[in-house]
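Take a look at the structure below.
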Amino acid sequence: MSQPNIDELPDLWYLDIKEHFDGDSGPFSNHQELLETIDSIQDGSAPWQCLETQIDESSLPDAPEWQKASYQVWYHDPDIVIATILSNPEFSDAFDSAPYVYIGKDGKRQWSDFMSGNYAYRHATAIYDDPDTGGANIHGAMYCPIILGADKTTVSVSTGHIEYHPLYLSIGNLHNSARRGHCNGVVPIGFLAIPKADRKHDNDSKFQTFKKQLYHSSIAAILHFLKPAMTTPVLRHCPDGYFCYVIYDLAAFIADYPEQVFLQVCTSHFSNLENLGEPHTQEWVDTLFEHYQGANVLWDNYGIDDNIVVSVYSSLLRAGIHEILTANLLHQVIKGCFKDMLVEWIISYLTITHGKAWMEEIMDEVDLWLQFLIFNNRISLVPLFPGLHRFKQWTGDDSKALMKVFLPAISEFIPDKMTACISSFLDFCYLAHGNNFTTETIAELQNAIHSFHKHREIFQATSVRENFSIPCMHSILHYPSLIVNFGAPNGICSSITESHHITAVKKPWRQSNQYNALSQMLLTNQQLDKKRVKKHYYCSGTLQLLYMLNSTTVHTEGIKHTLD
């Protein structure tokens with residue numbers, strides 16, 4: 001809403017007060033007073049701050065402009081953000097204060113929320129046993145695993161391809177349902193800089209290296225505020241209303257596809273990604289650096305960019321950066337394997353087998369089938385489907401809708417083995433989207449992967465594919481172990497961070513004047529957060545309690561220590 005339109009609202013408010021309450025003025029006279037009142041609210045998230053890169057241009061006189069430019073990274077203090085999440089009483093019924101092993105009534109173990117995974121249990125134990133942090137120093141402290149997510153988004157393609165790269169934060173103590181459904185369960189803590197250059201630099205290896213260095217250094221600089229509380233517990237207000245000592249641990253990273261490829265989980269060679277390799281550890285990388293020298297040797301043979309020093313995270317991690325990468329249902333499974341690969345492979349098969357003209361006729365018939373299935377309510381919650389070739393930009397919802405109806409629509413036009421391949425993959429997708437996993441469920445997941453790998457050979461037999469050494473498709477091999485470590489994938493998926501793009505990026509951008517809009521977007525986010533917190537206090541009656549606390553002496557006898 002524009003400022004002149006906002007100015008009309010106080011006038012209407014005043015007329016209502018005058019008519020019904022005989023008042024002589026409204027609460028605000030114009031938009032400026034309204035915004036100043038919102039800005040004066042002390043509650044809410046941390047203020048936005050800025051760090052800026054500085055380059056000594058005299059040392060790089062002939063460097064391109066993108067290398068000499070100064071870049072700004074806007075961020076919240078993540079320590080304050082975590083404290084705000086922890087103090088939110090709305091999370092009291094969706095909060096785990098300690099890692100746990102859940103055994104069902106049938107005596108079998110289950111994995112669901114983050115704290116039910118082996119990673120949280122293993123690291124909480126390691127922190128306690130560590131002579132530098134453990135023992136009496138942290139007895140009774142609460143383990144607080146930090147979950148990060150970074151995902152670039154485009155707000156406008158038609159007006160200059162404007163992009164933003166928000167960095168999000170959540171904590172593993174929250175249940176998956178709270179992280180998926182609550183607006184404050186995942187919080188934007190930063191906007192990373194996106195270096196721009198002329199088209200001639202798009203494939204320049206130096207420019208690509210510079211972007212990677214800036215990306216990782218920026219994240220490490222933001223997380224530096226958490227370092228003291230990673231070794232010494234800090235006192236925090238918890239959702240149950242009590243106070244508890246908390247120790248942080250950088251535990252999971254929800255990465256977009258480019259970061260997943262760069263920070264690979266295992267050591268499988270890029271020429272043979274059809275099987276699992278050994279775990280990718282920092283020790284293994286250090287060994288390669290010691291024994292292999294020369295330009296691009298590590299990159300050409302192991303996919304490791306020796307110009308990027310990922311050890312910037314070393315002081316923040318109790319595990320290697322490669323160990324905290326999570327499963328990503330949206331980009332790896334839904335958009336990656338299914339939409340970008342299997343659907344395109346089937347279209348290629350139809351083109352090779354029947355020619356492009358007949359393929360187009362078949363796809364038109366498939367589109368009619370899709371519309372028939374949708375309009376006859378044989379599936380629910382599916383958006384209108386414009387046809388496979390009519391999407392300008394695929395969203396996650398578009399791909400999910402296609403998954404529900406694609407197999408019955410296409411099966412009569414493809415070989416039985418191809419149908420079995422799609423069916424096996426959909427079985428894997430259905431299982432991977434579950435909320436709870438048992439040993440039997442994980443075994444079924446592995447069987448579905450095995451069946452998919454067996455039947456996908458039909459694409460080689462029909463000359464659609466030469467091999468299946470594709471990082472995105474290789475990633476599904478890791479899902480069983482990732483579920484055991486981090487719980488259900490639907491609680492740590494990039495679809496969660498993408499859903500926050502709407503409120504954190506896209507709506508604030510539309511409300512701005514769309515010129516150098518980031519500062520306006522940050523202010524909008526901050527004001528909305530202040531309003532949201534103040535509204536919660538009014539509705540819950542907490543505002544009166546806060547006034548009483550600010551007016552009296554608070555005693556500390558009620559401090560609660562958990563995890564005895």
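Quick note on numbering: UniProt numbering labels position 56 of the sequence shown as 56, and the sequence is numbered without any gaps.
In this text, a Cβ means the ideal position worked out from N, Cα and C, and glycines have one as well.
Rounded to a whole number of angstroms, what is the C-alpha to C-alpha distance between residue 505 and residue 222?
The straight-line gap from Cα to Cα measures roughly 19 angstroms.
Sort 208, 127, 240, 218 by Cα distance to residue 138 and report the nearest one.
With distances taken between Cα atoms, residue 138 lies closest to 127.
So is residue 199 buried or exposed if we call it buried at 16+ other beta carbons inside 10 Å?
Exposed, by the Cβ-count rule.
Could you tell me the alpha carbon to alpha carbon distance between residue 367 and residue 357, rounded to whole angstroms?
Whole-angstrom Cα-Cα distance: 15 angstroms.
Could you tell me whether the stretch 67-86 touches the stretch 236-254, where touching means 3 or more Cβ pairs closer than 8 angstroms?
Short answer: they touch.
Which one or two residues does DSSP pair with residue 50 in a beta bridge?
Bridge partners of residue 50: 74.
Would you check if the distance between the CB atom of residue 352 and the CB atom of residue 463 is smaller than 8 angstroms?
Yes, they are a contact pair.
Cα-Cα, which of 434, 420, 412, 516 is closest to residue 453?
Cα-wise, what sits closest to residue 453 is 420.
Quick check: what's the CA-CA separation for residue 66 versus residue 54?
Distance between the alpha carbons of residue 66 and residue 54 is about 12 angstroms.
Between residue 188 and residue 500, is the Cβ-Cβ spacing less than 8 angstroms?
Going by C-beta atoms, residue 188 is nearer than 8 angstroms to residue 500.
I'd like the span of the beta strand (DSSP E) that includes residue 142, first residue to last.
Residue 142 -> beta strand (DSSP E) spans 142-150.
Any idea if residue 502 is buried or exposed, counting beta-carbon neighbours within 10 angstroms, 16 or more meaning buried?
Burial call: exposed.
I believe residue 49 touches residue 31 by the beta-carbon criterion, under 8 angstroms. Please report the beta-carbon distance rounded to the nearest angstrom.
Contact flag wrong, Cβ pair sits at about 26 angstroms.
Measuring CA to CA, which of 133, 517, 414, 87 is closest to residue 229?
Nearest of 133, 517, 414, 87 to residue 229, Cα basis: 133.
What is the rounded straight-line gap between the Cα of residue 209 and the Cα of residue 323?
When rounded, the distance between both Cα atoms is 22 angstroms.
For residue 378 and residue 408, what's the separation of their Cα atoms in angstroms?
The pLDDT assigned to residue 378 is 45, lower than 50, so where the model puts this residue is not dependable, and the model offers no usable value.
Do you know offhand how far residue 206's Cα is from residue 437's?
Taking the straight line from one Cα to the other gives about 44 angstroms.
Compute the distance between the beta-carbons of residue 488 and residue 111, then report whether it is under 8 angstroms.
For residue 488 and residue 111, yes; Cβs fall inside 8 angstroms.
Determine the extent of the alpha helix (DSSP H) in which residue 480 is found, giving its start and end residues.
Taken as a continuous stretch (DSSP letters only), the alpha helix (DSSP H) holding residue 480 covers 479-486.
By DSSP, does residue 566 sit in helix, in strand, or in coil?
Residue numbering for the chain in the displayed model covers 1 to 564; residue 566 lies beyond these limits and cannot be assessed.
Going by DSSP, what residue range makes up the beta strand (DSSP E) through residue 166?
Looking at the DSSP string, the run of the beta strand (DSSP E) that includes residue 166 is 162-171.
Between the C-alpha atoms of residue 325 and residue 482, what's the straight-line distance to the nearest angstrom?
In a straight line, the C-alpha of residue 325 is about 9 angstroms away from that of residue 482.
Can you grab the Cα-Cα spacing for the pair residue 479 / residue 496, in whole Å?
Cα to Cα, residue 479 sits roughly 18 angstroms from residue 496.
Decide yes or no for the touch test of the stretch 143-153 against the stretch 113-124: beta carbon pairs closer than 8 angstroms, at least 3 of them.
These segments touch.
Among 176, 63, 51, which one has its Cα closest to the Cα of residue 217?
Closest by alpha carbon: 51.
Determine the contact status of residue 490 and residue 435, defining contact as a CB-CB distance below 8 angstroms.
In contact: residue 490 and residue 435 (Cβ atoms closer than 8 angstroms).
What are the boundary residues of the alpha helix (DSSP H) that includes residue 122?
Unbroken alpha helix (DSSP H) run through residue 122: 118-129.
Tell me which residues share the same chain as residue 197 and place their Cβ nearer than 8 angstroms to its Cβ, disregarding the 5 neighbours each side in the sequence.
Contacts found: 64, 65, 66, 204, 207.
Looking at the structure shown, is residue 60 part of a helix, part of a strand, or coil, going by DSSP?
Correct three-state label for residue 60: coil.
Can you check whether the CB of residue 176 is closer than 8 angstroms to the CB of residue 254?
Contact: no.
Given a cut-off of 8 angstroms, decide if residue 350 and residue 250 are closer than it, judged by their beta-carbon atoms.
Going by C-beta atoms, residue 250 is not nearer than 8 angstroms to residue 350.
Secondary structure at residue 492, three-state DSSP: helix, strand or coil?
In this structure, residue 492 counts as coil in the three-state DSSP scheme.
Hey, could you find the ends of the beta strand (DSSP E) residue 590 is sitting in?
Nothing in the structure corresponds to residue 590, since the chain is present only between 1 and 564.
Please classify residue 515 as buried or exposed, where buried requires at least 16 neighbouring CB atoms within 10 angstroms.
Per the 10 Å Cβ criterion, exposed.
Considering only the alpha carbon of each residue, which of 418, 411, 426 lies closest to residue 400?
When only C-alpha atoms are compared, the closest one is 426.
Quick check on the burial criterion: 16 or more other C-beta atoms within 10 angstroms. Buried or exposed for residue 268?
Flag for residue 268 reads buried.
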